[in-house]
Every structure is written in structure tokens, then in C-alpha cells.
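Remarks on the structure that follows.
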Amino acid sequence: MRRKDVLDLDDFSAEELHEVMETAEAMREVLSRPIKRVPPLRGKTIVNCFYEASTRTRVSFELAGKNLSADVVNVGASGSSVEKGESLVDTTRTLQALGADMVVMRHPHAGAPYLVARELSAAVINAGDGWHAHPTQALLDLFTVRDRLGSLEGRKVVIIGDVLHSRVARSNIWAFTTMGAQVVLCGPPTLIPAGIETAVAEGRRRRWGDGIQSGVQKEHAAVKVQYDLDKACQDADVLMALRIQKERQAGALFPSLREYSRLYGLTQERVARAKFGALVMHPGPMNEGIEIMPEVAYGAQSVIEEQVTNGVAVRMALLYLLAGGHGGRAV
Ligand code: NCD
């Protein structure tokens, strides 16, 4: 991997995504061993800076670093010099001076990890910045789908609900379209960013030129919007529900939770409209009974727990590749 940082997936080629996926498979094999610890990051220090609430992402990064024998230090906003008014750049420079080789950052403001990445020679991984991006969640989602369904080419991935506030959706759009899947965004018009189809198409063209990447068909690698969930579910290979992000909603963007749930909640009837064997996903944490019904979340088609488990292998792969490891079965 020839990059210092992982800030989003908009600049990942299909080849690079494949390399992460193959390395994550090797890491999953490591995790199946009785002793889940390998030495590649021995002597390296990873600092997890989480300035926003997190359970799975923070623990997952901590375990990933430890499984690779790195020293892992956790820093939160409360109890650190941020409380004394130190700037983000100064805090992270201090962490680098203390020996951090990698900084994993979650921050409530979009762009914060980009600012830090520019200032530091240490590798920076974005673990979620505001509404903007959450690349490691998208990588673990991709890994989970690829593991269950094989090739992504021509697959229909439906992302449902609060797309407007979702950094998970934004990173997943890049991950899935780059692998040749069609992404359908479904939710109330107030929760789907206006003009997102054109914005994604333009973003892709700016990044990759008019010729779409090798092996990816133009009509597949695209984003569509559909406001009717029953229609969106038809022929879907993947149904991904998003959390209603109440904490990020300033005004009333839909009439009531009950109404929202009736129109956009993932029910068994809706899952039955999708392809046979379609996968049900959710990045967590879930509002059960609102965006997803418990019988769907814990049903036979749900891979929600697998997503969490796969997160450790995927983050191990990323840390390993960023530290200069080579893809494939090297551990
Ligand atoms: C998500 C996040 O924090 O962006 N959770 C996660 O990392 N698994 C999604 C959310 O908060 O809804």
C-alpha cells in the first residue's frame, strides 16, 4: 500500500480495495488460531484518539493493534489537554513527539483527520469524522458482503434511512461502486442529500477520468435514489439499514418516529422482497423497532454480528499494510 493515511475510500482503486480484502482474509485466519497474536507491529505505537462516542470502532482498533503486537494507547477528549484548550494539531504533534507511529482518529468535525494528516509524518486513519467519512466501517462492510456473496459486480446494494447524516453511507458509496456494485439510496427526501447521484458521478469522473476503472462497468458503478422502500427492496442483494442520527438532526426532518418506521423500517415483509439469500446489514448501534425490526436484526439473513467480528480482521489488515506490510498471506 503506497499511502501514508486512510482518510476516505474515494481515492482507493479497485486493486487497492482487493489488496485490503485479501490481507483481511489472512488476518481472519490469524484470529481463528488459539493464540491470536502475530508480531508485525512489534515496537510500533498506535494512539487511538476518540473525540466522540464509540464502542465497536474503538475496541476493534485497540484489539487490531494489540493482535499485531503494537503498543496501543487510548486518548479521549475528556481528561486530555483538549480540555485545557490545546488545538487538535498541537495535541497530535505532542502524541507524535511521544512516539506515535500511527494515529487513529474519531472526531465530531468533518475534515479533522485531514488537517492532522497534513501536519504529521505519522500515519493517520479516519475512524469517523462528522457526517463525512468512515472508511474502515465501509471496508468491513465490503469484506462481509464479499465473504458471503463473492463478486460485487452488478450487485444491488440498498442503503436505507438517514443517509444525510451518515458517514457510513458516504464511505460505502465509494467502496461498493468502485467494486462494481450499484448503490440505491432509500429514505425520506429530507434525509437524502440533494443531488447526490450527480455529485457521486462527478466525484468519480474527477478522480478517475472518463474511463471508469478496469473491470468496472459504468452502469453498475453508479448511485440511484429511490424514495419507496418496497420498490427499492426488489431484487436487492444487500439491505443496509442506517441508524436514525437523532443527535445530528437540528430540526424535524420527518413527522414522527412511528411514521418513519412505518415507511422506512426494515421489516420481514420488506426483506422478503429482496433476492433469495439477500444480506441484512446495519453498522450499529441500532434503534431496534425504528429503522430495523428485532426479528430482522437477529433473523437468518442478518450479518450484523459478522460485520462487528470482521471489523477486527479488516482493521488489522489496514494497520499492517500502512506499516509497510505486503498483501496476501504474509503473516
Ligand atoms: C457508526 C458511526 O459512528 O459512524 N457506527 C459505527 O462506527 N459502527 C454509525 C452510527 O453512529 O450510526
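Following this note's numbering, the numbering of the sequence shown begins with 81 at its first residue and continues without gaps.
C-beta: ideal position from N, C-alpha, C; glycine also.
CB contact flag (TYR307, PRO269, <8 angstroms)
Against a cut-off of 8 angstroms, the Cβ pair of PRO269 and TYR307 comes out as a contact.
Locate the beta strand (DSSP E) running through ASP151, then write down its first and last residues.
Start and end: 151-156.
Going by alpha carbons, who is nearest to GLN325 out of VAL169, ASP227 and MET366?
Answer by Cα proximity: MET366.
Leaving aside the five residues before and after ARG173 along the sequence, list all residues of the same chain whose C-beta is less than 8 angstroms from its C-beta, in chain order.
Closer than 8 angstroms at the Cβ level, and outside the excluded window around ARG173, lie GLU199 and LEU200.
Please confirm if the stretch 345-354 is in contact with the stretch 310-326, defined as three or more CB-CB distances below 8 angstroms between the two stretches.
Touching, yes, given that three or more Cβ pairs across the two stretches are closer than 8 angstroms.
If I follow the unbroken beta strand (DSSP E) through PHE256, where does it start and stop?
Segment 247-258 is the alpha helix (DSSP H) holding PHE256; no beta strand (DSSP E) there.
To the nearest angstrom, how far is the alpha carbon of VAL280 from that of PRO114?
Straight-line Cα distance between these residues: approximately 44 angstroms.
Beta-carbon spacing of HIS245, GLN176 below 8 angstroms
Cβ distance not < 8 angstroms, so HIS245 and GLN176 don't count as in contact.
The beta strand (DSSP E) enclosing MET361, as first and last residue numbers:
In the DSSP assignment, MET361 falls within the unbroken beta strand (DSSP E) covering 359-361.
To the nearest angstrom, how far is it from the Cα of MET320 to the Cα of ILE240?
Rounded to whole angstroms, MET320 and ILE240 show a C-alpha spacing of 6 angstroms.
I'd like to confirm something about SER382: is its beta-carbon nearer than 7 angstroms to some heavy atom of the ligand NCD, or not?
Every heavy atom of the ligand NCD is 7 angstroms or more from the Cβ of SER382, so no.
Cβ-based neighbour list, ALA358, same chain, cut-off 8 angstroms, excluding 5 preceding and 5 following
Taking C-beta separations shorter than 8 angstroms and ignoring five residues to either side along the sequence, the partners of ALA358 in its chain run ALA316, ASP317, VAL318, LEU319, VAL351 and GLN381, following chain order.
In the DSSP assignment, what are the bridge partners of LEU121?
Within the DSSP secondary-structure output, LEU121 pairs in no beta bridge.
Name the two residues that bound the continuous beta strand (DSSP E) containing LYS304.
From DSSP, the beta strand (DSSP E) with LYS304 extends over 303-305.
If the criterion is Cβ atoms closer than 8 angstroms, does the pair ASP90 and GLY275 meet it?
Result no, Cβ atoms of ASP90 and GLY275 do not sit closer than 8 angstroms.
Compute the minimum distance between the beta carbon of THR137 and the heavy atoms of the ligand NCD, and state whether it is under 7 angstroms.
It does: the Cβ of THR137 is within 7 angstroms (strictly closer) of some heavy atom of the ligand NCD.
Would a C-beta distance cut-off of 8 angstroms place VAL238 and LEU232 closer than the cut-off?
Pairing VAL238 with LEU232 gives a Cβ-Cβ distance that is not under 8 angstroms.
With a threshold of 7 angstroms (Cβ to nearest heavy atom), would ARG395 be considered close to the ligand NCD?
No, the beta carbon of ARG395 sits no closer than 7 angstroms to any heavy atom of the ligand NCD.
HIS98 (DSSP reduced to helix, strand or coil):
In the three-state scheme derived from DSSP, where H, G and I count as helix and E and B as strand, HIS98 is classed as helix.
Tell whether a beta-carbon distance below 8 angstroms holds between LEU222 and MET396.
Not in contact: LEU222 and MET396 (Cβ atoms no closer than 8 angstroms).
Can you tell which of ALA180, SER112, LYS164 and PHE141 has its C-alpha closest to the C-alpha of LYS124?
Distances from the alpha-carbon of LYS124 to those of ALA180, SER112, LYS164 and PHE141 put ALA180 closest.
Three-state secondary structure assigned by DSSP to LYS236:
The three-state reading of DSSP puts LYS236 in strand, counting E and B together.
The stretch 334-341 / the stretch 255-262 touching (three or more Cβ pairs under 8 angstroms)
Short answer: they don't touch.
Just checking ARG247 against the ligand NCD - is the residue's beta carbon closer than 7 angstroms to any of the ligand's heavy atoms?
Yes, the ligand NCD has a heavy atom inside 7 angstroms of this Cβ.
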